[in-house]
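Participant: Please see the structure below; I have some questions.
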Amino acid sequence: MALPTNIHTLLSGNVVEWARIEFKESWRPEASLKTITAFANDLDNWGGGYIILGVEEENGMPKYPIKGVKLSEIDNIMKDLLNKCKLISPDYLPIVEPVDYDDHTKLIVIWCPGGVLRSYRSPADFTYDKGPAKPSKDTVYWIRKMASTVRPSEQETTELFSLSNQVPFDDRICHQADITDLNITLIKAYLKEIGSDLVNDVDKMDFNQLCMKMDISNSMPEYMKPKNCLKNFFCLCEKIPQQTHR
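With the first letter of the sequence shown counted as 1, position 98 gets the number 137 in my numbering; the numbers rise by one all the way through.
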């Protein structure tokens, strides 16, 4: 699945709120894994968030000039990130993609949509003792509040439990609609407006594949359906009966 927007749009803060973006100068699992877990739990239904590796943070915003990630480190970071994400319970994997900021600067973007199996837990901390980071045996829940990753209060934990195994309404598929109801002209206009790199591939990409890459449909080839949140964006809505929001 490709990123739904490009790196320059993310760094500008014009499309994605700063509270949904966290900047990390380098990959350190004890900090980043907590945030991945918090975005996956998506307590406030923000739609998850992004972690950008290779960018120094200053007052919650990217600090320029952008430092980037060394090309020689990217492969090891990607492998370690995959291994560390296996410590999240239940299973959850973000979408991770190395991107070019410019001709000389590489970044790693970690896109963490809200998970469908929340509530998620991950190690409380890591220790470093002459070797790779070692996770503690204790696992805890993490949530995102404003621009910070924190442990939930008792009330917030109860609320998080109430969301367990519940897919937010916007992320559920709309059974009354069909994938062919999605309007390619509206999709192209949207991708162009947000500056997504996908706009260059729209005309040569299979439409179903495009929808899956944008995460606007499910991924079952035998039963492709758009998600509820897209009815008012990319569909010819008059063709689709209204679905009760429960």
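Every residue, glycine too, gets a C-beta built ideally from N, C-alpha and C.
Across the region 107-122 and the region 208-227, are there enough close Cβ pairs to call them in contact, namely three or more that are closer than 8 angstroms?
Facilitator: As far as the Cβ criterion goes, the region 107-122 does not touch the region 208-227, which means the pair count is below three.
Participant: Between which residues of its own chain and Ile46 is the CB-CB distance below 7 angstroms, once the five residues before and five after are set aside?
Facilitator: Around Ile46: Val138, Tyr140, Leu146 and Val148.
Participant: DSSP three-state label for Trp57, please.
Facilitator: In the structure shown, Trp57 sits in a helix (DSSP, three-state: H, G or I).
Participant: Since I believe Asn267 is in contact with Arg157 (beta carbons under 8 angstroms), could you give me their beta-carbon distance rounded to a whole number of angstroms?
Facilitator: The Cβ separation is near 18 angstroms, so there is no contact.
Participant: List the residues that DSSP assigns as beta-bridge partners of Arg190.
Facilitator: For Arg190, which the question treats as bridged, DSSP gives no partner whatsoever.
Participant: Apart from the five residues just before and just after Glu7, which ones in its own chain have a Cβ nearer than 6 angstroms to its Cβ?
Facilitator: Outside the shown range of the chain (40 to 285) lies residue 7, about which nothing can therefore be said.
Participant: Starting from Ile105, follow the alpha helix (DSSP H) in both directions and report where the run begins and ends.
Facilitator: Where Ile105 is concerned, there is no enclosing alpha helix (DSSP H), given that its DSSP letter is neither H nor E.
Participant: For Arg183, does the count of other Cβ atoms within 10 angstroms reach 16, so buried, or fall short, so exposed?
Facilitator: The residue in question, Arg183, is buried, as its Cβ has 16 or more Cβ neighbours within 10 Å.
Participant: Taking a contact to mean a Cβ-Cβ separation below 9 angstroms, would you say Lys73 touches Thr188 in this structure?
Facilitator: Yes.
Participant: Going by C-alpha to C-alpha distance, which of Ser235, Gly93 and Thr197 sits closest to Ile340?
Facilitator: With the chain covering only 40 through 285, there is no way to say anything about residue 340.
Participant: Quick check: what's the CA-CA separation for Asp142 versus Ile91?
Facilitator: C-alpha separation (whole angstroms): 18 angstroms.
Participant: Which residues share a DSSP beta bridge with Cys151?
Facilitator: The partner list for Cys151 (beta bridge, DSSP) reads Gly88.
Participant: Please list the segments of the alpha helix (DSSP H) lying wholly inside the region 205-265, counting only runs of 4 or more residues, in order along the chain.
Facilitator: Taking only runs of at least 4 residues, the alpha helix (DSSP H) segments lying wholly in the region 205-265 are 223-233 and 246-252.
Participant: Is it true that the CB of Ile105 sits closer than 9 angstroms to the CB of Leu49?
Facilitator: Their beta carbons are not under 9 angstroms apart, which means Leu49 does not touch Ile105 by this criterion.
Participant: Short of 6 angstroms in beta carbon distance, which residues of its chain neighbour Gln281, apart from the five on each side in sequence? Order them along the chain.
Facilitator: Note that Gln281 scores 47 on pLDDT, short of 50, meaning its location in the model is unreliable; the coordinates nonetheless yield the value given after this. So no residue of the chain qualifies.
Participant: With 16 as the cutoff for other CB atoms within 10 Å, does Asp254 come out buried or exposed?
Facilitator: With 16 or more other Cβ atoms within 10 Å, it is buried.
Participant: In the DSSP assignment, the alpha helix (DSSP H) including Thr76 goes from what residue to what residue?
Facilitator: Where Thr76 is concerned, the enclosing alpha helix (DSSP H) stretches over Pro68 to Asn80.
Participant: Roughly how many angstroms lie between the CA atoms of Asp240 and Met185, to the nearest whole one?
Facilitator: Taking the straight line joining both Cα atoms gives about 35 angstroms.
Participant: Whole angstroms are fine: how far does the CA of Ser235 sit from the CA of Ile127?
Facilitator: Going by the C-alpha atoms only, they are around 29 angstroms apart.
Participant: Just curious, the beta strand (DSSP E) that Ser161 is in, first and last residue?
Facilitator: Unbroken beta strand (DSSP E) run through Ser161: Arg160 to Pro162.
Participant: Starting from the Cα of Lys123, find the closest Cα among Gly86, Phe78 and Ala172 and give me that residue.
Facilitator: Checking every option, the nearest Cα to that of Lys123 belongs to Ala172.
Participant: Does Lys176 come out as helix, strand or coil in the three-state DSSP assignment?
Facilitator: Residue state, collapsed to three classes: coil.
Participant: Spell out the partners DSSP gives Ser128 in its beta bridges.
Facilitator: Answer is Arg160, bridged to Ser128.
Participant: Buried or exposed, going by whether 16 or more other CB atoms sit within 10 Å of the CB of Leu230?
Facilitator: Result: buried.
Participant: With Ser51 as the anchor, note down where its alpha helix (DSSP H) starts and where it stops.
Facilitator: Element bounds for Ser51: Ile46 to Ser51.
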